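What follows is one structure encoded as structure tokens, with my remarks underneath.
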Amino acid sequence: MATQTAADRRSAERDAYDAYLAACPTRNLLDRISDKWVTLLLCALQDGPRRYNELSRKLAGISQKMLTQTLRTLERDGLVTREVTPSVPVRVDYALTPLGTSLRATVEQLKLWAEANMDHVYLARAGYDARNESHQD
Numbered sequence: 312m313a314t315q316t317a318a319d320r321r322s323a324e325r326d327a328y329d330a331y332l333a334a335c336p337t338r339n340l341l342d343r344i345s346d347k348w349v350t351l352l353l354c355a356l357q358d359g360p361r362r363y364n365e366l367s368r369k370l371a372g373i374s375q376k377m378l379t380q381t382l383r384t385l386e387r388d389g390l391v392t393r394e395v396t397p398s399v400p401v402r403v404d405y406a407l408t409p410l411g412t413s414l415r416a417t418v419e420q421l422k423l424w425a426e427a428n429m430d431h432v433y434l435a436r437a438g439y440d441a442r443n444e445s446h447q448d
């Protein structure tokens, strides 16, 4: 059995996923999953499969283009499945995969935190703005 030198161990640690490292691919994933539409879509799918139009109505303000792009990205990343049922009109349902379900619980907490703390954020912003306005004079 070969032993590793300290330099080999440090090199292996650099090659492991570490989002603090600039070249780590998890940075792209973090960027993607921290998007507001991703968070809201994952939460909207928590109760089971939904059709495109249901999701569009649930996520007020999302454009068709953004909804389509976000669903495709989530499908590509293995977080959402897309099931087409041949009918007239064609029925398309989106559902969470097990991987998507595991992430949904986390992003739902973020959504709930934002809803519960928005008033505190508004107060903090107002205080900050008031302090900075007095420094500009």
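So for the sequence shown, our numbering puts the first residue at 312; every next one is plus one.
Quick reminder that beta carbons are idealized off the backbone N, C-alpha and C, glycines included.
If you're wondering where the values come from, they're calculated on a predicted model, not measured in any experiment.
Where threonine 408 sits in the DSSP three-state scheme: coil
Valine 391 - DSSP class collapsed to helix/strand/coil: strand
is_contact[arginine 343, chain C] using C-beta, thresh 9 Å: Chain labels in this structure do not include chain C; a single protein chain is all it has.
Coil, strand or helix - valine 432 by DSSP: In this structure, valine 432 counts as helix in the three-state DSSP scheme.
CA-to-CA distance, aspartate 440 to proline 409, given in whole angstroms: 44 Å
As assigned by DSSP and simplified to three states, the class of threonine 337: In this structure, threonine 337 counts as helix in the three-state DSSP scheme.
Neighbourhood of glutamate 329 by C-beta, 7 Å cutoff - its chain only, sequence neighbours within 5 removed: Reading off the sequence shown, one finds aspartate at residue 329, where the question assumed glutamate. Excluding positions up to five away in sequence, the list reads Cys335.
Rounded C-alpha distance that separates serine 345 from valine 418: 8 Å
Neighbourhood of leucine 366 by C-beta distance below 7 Å, restricted to the same chain and skipping five residues each side: Taken in chain order, the residues that qualify are Leu352, Ala355, Leu378, Tyr405.
Test item: CB-CB of glutamine 357 and arginine 436 under 9 Å: no
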